[in-house]
Amino acid sequence: MSNNQQIIISGLGGQGVLFITKLLAGAAMADNLPVLTSETHGMAQRGGNVISYLKIGDFSGPLIRPAKADALIALKAESFAHHSYFLKPGGLAVVNSPDPVEDDRYRVFYGDATALAEAAGNVRSENVAMLGFFLSAMKEDSHVFNPDSLARMIKETFQAKPAVATNVLSLLGSGMQLYKQR
Amino acid sequence: MNTKRLMLGNEALAYGLLKNGCQMAYAYPGTPSSEILSAVVALKKEMDLDIHAQWAVNEKVAFETAYAGAQAGLRTAVAMKQVGLNVAADPLMSSVYLGVKGGFVVISADDPGPHSSQTEQDSRLMAVMAKLPVLDPDSPRQAAELAGIAFELSEAFEIPVMLRPTTRVCHSRQSMDVEKIEMTQREAAFEKNPGRWAATPKFRLQLHKELEVKLAKIADYEPTRPRLVSGTAKGGGQAIVLSGVAAANARDIIKERNLDIPVYQVVQPFPLHKEFIKEMDTYDEILVLEETWGVIEMQLADKNRVKGKNTGFISPTGELLPENVEERICAFVGVDYQAPQITMLPGRRPTLCAGCSHRASFYAIKKAAPKGIFTSDIGCYTLGCNLGAVDTVTCMGAGISQAAGFTIAYAKNEKQPPVFSTIGDSTFFHSGIPGLIETVTKKIPYVLVILDNRTTAMTGHQPTPASGRDASGDACIAVNIPDIVKGCGVNFIKTADPYDLPAFINILKEAKAYCQENGPAVVIAEHPCLLDMDRAELKASFKKVIVNRDICDGCGYCVSQFECPALSMDNETEQVCIDPGLCTGCAVCSFVCPKGALVLENQE
Ligand code: SF4
Ligand code: SF4
Numbered sequence: 001m002s003n004n005q006q007i008i009i010s011g012l013g014g015q016g017v018l019f020i021t022k023l024l025a026g027a028a029m030a031d032n033l034p035v036l037t038s039e040t041h042g043m044a045q046r047g048g049n050v051i052s053y054l055k056i057g058d059f060s061g062p063l064i065r066p067a068k069a070d071a072l073i074a075l076k077a078e079s080f081a082h083h084s085y086f087l088k089p090g091g092l093a094v095v096n097s098p099d100p101v102e103d104d105r106y107r108v109f110y111g112d113a114t115a116l117a118e119a120a121g122n123v124r125s126e127n128v129a130m131l132g133f134f135l136s137a138m139k140e141d142s143h144v145f146n147p148d149s150l151a152r153m154i155k156e157t158f159q160a161k162p163a164v165a166t167n168v169l170s171l172l173g174s175g176m177q178l179y180k181q182r
Numbered sequence: 001m002n003t004k005r006l007m008l009g010n011e012a013l014a015y016g017l018l019k020n021g022c023q024m025a026y027a028y029p030g031t032p033s034s035e036i037l038s039a040v041v042a043l044k045k046e047m048d049l050d051i052h053a054q055w056a057v058n059e060k061v062a063f064e065t066a067y068a069g070a071q072a073g074l075r076t077a078v079a080m081k082q083v084g085l086n087v088a089a090d091p092l093m094s095s096v097y098l099g100v101k102g103g104f105v106v107i108s109a110d111d112p113g114p115h116s117s118q119t120e121q122d123s124r125l126m127a128v129m130a131k132l133p134v135l136d137p138d139s140p141r142q143a144a145e146l147a148g149i150a151f152e153l154s155e156a157f158e159i160p161v162m163l164r165p166t167t168r169v170c171h172s173r174q175s176m177d178v179e180k181i182e183m184t185q186r187e188a189a190f191e192k193n194p195g196r197w198a199a200t201p202k203f204r205l206q207l208h209k210e211l212e213v214k215l216a217k218i219a220d221y222e223p224t225r226p227r228l229v230s231g232t233a234k235g236g237g238q239a240i241v242l243s244g245v246a247a248a249n250a251r252d253i254i255k256e257r258n259l260d261i262p263v264y265q266v267v268q269p270f271p272l273h274k275e276f277i278k279e280m281d282t283y284d285e286i287l288v289l290e291e292t293w294g295v296i297e298m299q300l301a302d303k304n305r306v307k308g309k310n311t312g313f314i315s316p317t318g319e320l321l322p323e324n325v326e327e328r329i330c331a332f333v334g335v336d337y338q339a340p341q342i343t344m345l346p347g348r349r350p351t352l353c354a355g356c357s358h359r360a361s362f363y364a365i366k367k368a369a370p371k372g373i374f375t376s377d378i379g380c381y382t383l384g385c386n387l388g389a390v391d392t393v394t395c396m397g398a399g400i401s402q403a404a405g406f407t408i409a410y411a412k413n414e415k416q417p418p419v420f421s422t423i424g425d426s427t428f429f430h431s432g433i434p435g436l437i438e439t440v441t442k443k444i445p446y447v448l449v450i451l452d453n454r455t456t457a458m459t460g461h462q463p464t465p466a467s468g469r470d471a472s473g474d475a476c477i478a479v480n481i482p483d484i485v486k487g488c489g490v491n492f493i494k495t496a497d498p499y500d501l502p503a504f505i506n507i508l509k510e511a512k513a514y515c516q517e518n519g520p521a522v523v524i525a526e527h528p529c530l531l532d533m534d535r536a537e538l539k540a541s542f543k544k545v546i547v548n549r550d551i552c553d554g555c556g557y558c559v560s561q562f563e564c565p566a567l568s569m570d571n572e573t574e575q576v577c578i579d580p581g582l583c584t585g586c587a588v589c590s591f592v593c594p595k596g597a598l599v600l601e602n603q604e
């Protein structure tokens, strides 16, 4: 298991791609790993495609080359279609989708994070549910993403709003369960 | 205090500036540079630093203000994007001749691949033209390091120094150590010397000669010497020369592929170090990887041995993505490269936010002048092209002069189309005013619509002179747009909220009729950017629109002509539907449906 991890996070503007990138980055940093991230900014206003690159370990370039990513978090099914080419053969993808997503070049898992977030009363936090989904799926590949460090990050981020922190943590948990039930 | 932080390249730059004693920082927002000044302000607050940091009305003003601080002996900085540097080109060229007392760092952020720019121009070429040294960081960490080196270099040679990051440096984040900044304050001490600071052309020739001497010495300056980053310098055979973010990408690839080849990183692309040029003479073949143009390559000159942008070995357009870097390095050293299979799908096209008042303004313009010519400008509202209400976008402020140009060009035609020009409030202040003055004195008949949403929305909501708040968010004097327009000599000035679509269309028609006889008419479309409004305010003004199922026949007019992201066609019912997650309750669509199928809930 290598400490070097290259992760793509893809979604639409306003879905919180950057938020989960920051959480993952912060958790890795808390474990003393070097982190590089990058994202596509631009003309895209709300609703456009957003992609963020997260590199943990010994890297100097901020972008990820096609066919090199260890994993992909797709916040929409269309995000998987758009950006799966970044995955290395056999790479892991978690996709937010109620319907099956298949691609035999990769290990693809799907689940309806939107429904989870809706049930929890906040459609906007489907990203956090996906983060949980990703965490448990990734466990078998790498220990770089430590759920405890992540939980600490979340508590720190929402220091001033403990109620929000509790909600986010519980959604993270249901996201993790989503993977187990798949 | 010493913490590890994930720092955005622009934050790292700000940190580097402050850590090295920058006392004055000015900027005009422009992606990818905008967060530099915001970060200076944030660090100032966090670390309680006694420095001056503000947004300026445009890049020229920002440059000149910060430059004066350096003339008075302080360390100062100015930040902008590459097309902003065009606006500041005038003071840039002169300041290099006159030089500085305190260190002066000019940050110009380039945008290869253009993610959010009109051009892919290489600011380093501006540095060559202006004859000032330029440093090219490869990462957030190096950007912070080079900010310090830039100040030292600037003071050692009394010359402004350009720092040129690119999008991938500005908008990458890297974990780095952040220490508390201890500032040593200098006091401004301007030494009057009109012979230098107000030099007449005769003395400028002398200054130019001195500048050449400085440059020759800078080409020998130890701290910015090219660095051997991998392999051994042995002469003969091949070598790779890197700079900017291409250096970061190439280093990963060289390591991953275990290539045994001398690799040099140039942090000062201009002037290129003399010793380095000599050293490169000892190699048979050199690959140069840099963005965007071949500035280092140009100085290595020998086309037979040097491969890069200018020789056509590297594409002269677009971003140098890591996969392009890998492919080119493999071709250069002669090892196999398997291109990965990429299926590119078209992405969603960018569009104005749901409820954006610009959409209402554009729709109204199309209604008021269906056969008009629509000149526009730089900002969120450039996206009005989706609505068919933006025909030209050239550069900041150009829309107004172009409105005049089209009017004059059509003067001899049998029919003259009405000309409508749109410009945002920030852009109007930046460079729209001179154009307006010009057109008033010439009585050019066109309608100028100033889209005043009280912010520079596209670059991240920096204040404008009309906002009444400064870079720190503190209250300041607000400049009144109608007063300026009046002062320019315009006599038709009306302000209205485009949300009230029918009334707004009428005002535009009135303006159109007025301008034919009297010269420019100005309509100010006033509505704050939604992203700036607080949630409670938005909630209070929310008007719920519903689809009257008996009337909507699925013609799709509202979706195609108004393009609000919250509106879409429901394939099953073949009627339009409103996405409650996206709808902001602006109710403008209720005026748009020609059949009256979109109605306010309480009026049904
Ligand atoms: S950010 Fe503001 S100005 Fe820009 S499209 Fe959205 S609502 Fe309109
Ligand atoms: S009211 Fe109509 S135009 Fe306004 S945001 Fe909602 S759907 Fe869009």
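If you read the sequences in order, they're chains A and B. Just so we're aligned, residue 1 is where the first sequence starts under UniProt numbering, counting upward by one. Just so we're aligned, residue 1 is where the second sequence starts under UniProt numbering, counting upward by one. We treat Cβ as the ideally placed atom computed from N, Cα and C, and that holds for glycine. None of the values given here were measured: they were computed from a predicted structure.
Where do the N-terminal and C-terminal ends of the alpha helix (DSSP H) with residue i fall, by residue?
i, result
"residue 289 of chain B", "Run containing residue 289 of chain B: none in the alpha helix (DSSP H); it sits in the beta strand (DSSP E), 285 to 289."
"residue 184 of chain A", "With chain A covering 1 to 182 only, the question about residue 184 of chain A has no answer from this structure."
"residue 244 of chain B", "244 to 256"
"residue 155 of chain A", "147 to 157"
"residue 482 of chain B", "481 to 487"
"residue 90 of chain B", "89 to 98"
"residue 328 of chain B", "322 to 333"
"residue 466 of chain B", "Premise fails: residue 466 of chain B is in no alpha helix (DSSP H) and is neither H nor E."
"residue 608 of chain B", "Here chain B has residues from 1 to 604 only, and residue 608 of chain B is not among them."
"residue 170 of chain B", "167 to 170"
Indicate whether residue i and residue j have their beta-carbon atoms separated by less than 7 Å.
i, j, result
"residue 392 of chain B", "residue 446 of chain B", "no"
"residue 614 of chain B", "residue 22 of chain B", "The first residue shown for chain B is 1 and the last is 604, placing residue 614 of chain B beyond what the model contains."
"residue 354 of chain B", "residue 565 of chain B", "yes"
"residue 488 of chain B", "residue 423 of chain B", "no"
"residue 77 of chain A", "residue 95 of chain A", "yes"
"residue 520 of chain B", "residue 439 of chain B", "yes"
"residue 522 of chain B", "residue 490 of chain B", "yes"
"residue 122 of chain B", "residue 292 of chain B", "yes"
"residue 364 of chain B", "residue 493 of chain B", "no"
"residue 376 of chain B", "residue 403 of chain B", "no"
"residue 323 of chain B", "residue 89 of chain A", "no"
"residue 51 of chain B", "residue 44 of chain B", "yes"
"residue 48 of chain A", "residue 348 of chain B", "yes"
"residue 276 of chain B", "residue 226 of chain B", "yes"
"residue 74 of chain B", "residue 102 of chain B", "yes"
"residue 289 of chain B", "residue 307 of chain B", "no"
Quick one: give me the first and last residue of the beta strand (DSSP E) that residue i is part of.
i, result
"residue 293 of chain B", "Run containing residue 293 of chain B: none; DSSP gives neither H nor E here."
"residue 39 of chain A", "35 to 39"
"residue 89 of chain A", "87 to 96"
"residue 75 of chain B", "75 to 81"
"residue 6 of chain A", "5 to 12"
"residue 217 of chain B", "Here residue 217 of chain B belongs to no beta strand (DSSP E); instead the alpha helix (DSSP H) covers 201 to 218."
Rounded C-beta distance between residue i and residue j? I'm assuming under 8 Å.
i, j, result
"residue 131 of chain A", "residue 174 of chain A", "About 11 Å; that fails the 8 Å criterion."
"residue 85 of chain B", "residue 129 of chain B", "Not really, about 11 Å apart at Cβ, beyond 8 Å."
"residue 9 of chain A", "residue 33 of chain A", "So it is not a contact: roughly 17 Å between Cβ atoms."
"residue 558 of chain B", "residue 592 of chain B", "5 Å"
"residue 40 of chain B", "residue 56 of chain B", "Actually they do not touch by this definition, with Cβ atoms about 13 Å apart."
"residue 352 of chain B", "residue 380 of chain B", "6 Å"
"residue 120 of chain A", "residue 167 of chain A", "7 Å"
"residue 6 of chain A", "residue 64 of chain A", "5 Å"
| Should the segment 532 to 540 of chain B be called in touch with the segment 382 to 399 of chain B, which here means at least 3 C-beta pairs below 8 Å? | no
| task | Assess, as a yes-or-no matter, whether the segment 423 to 432 of chain B is touched by the segment 440 to 455 of chain B under the definition of 3 or more beta carbon pairs within less than 8 Å. | result | yes
| Are the segment 65 to 83 of chain B and the segment 209 to 222 of chain B touching, with three or more C-beta to C-beta distances below 8 Å? | no
| said: Please give the ranges of any beta strand (DSSP E) in the segment 1 to 69 of chain B, keeping only runs that are unbroken, at least 3 residues long and fully inside the region. | reply: 2 to 8, 22 to 27, 52 to 55
| task | Run through the segment 62 to 138 of chain A for me and flag every whole beta strand (DSSP E) of 3 or more residues, listed as ranges in chain order. | result | 69 to 74, 87 to 96, 107 to 111
| task | Count the CB pairs spanning the segment 409 to 421 of chain B and the segment 469 to 478 of chain B that are closer than 8 Å, and state whether there are at least three. | result | no
| Which full runs of the alpha helix (DSSP H) of 4+ residues lie inside the segment 86 to 165 of chain B, going along the chain? | Listed in chain order, they are 89 to 98, 123 to 130, 140 to 157.
| said: Please give the ranges of any beta strand (DSSP E) in the segment 352 to 436 of chain B, keeping only runs that are unbroken, at least 3 residues long and fully inside the region. | reply: Complete beta strand (DSSP E) runs here, min 3: 373 to 375, 419 to 424.
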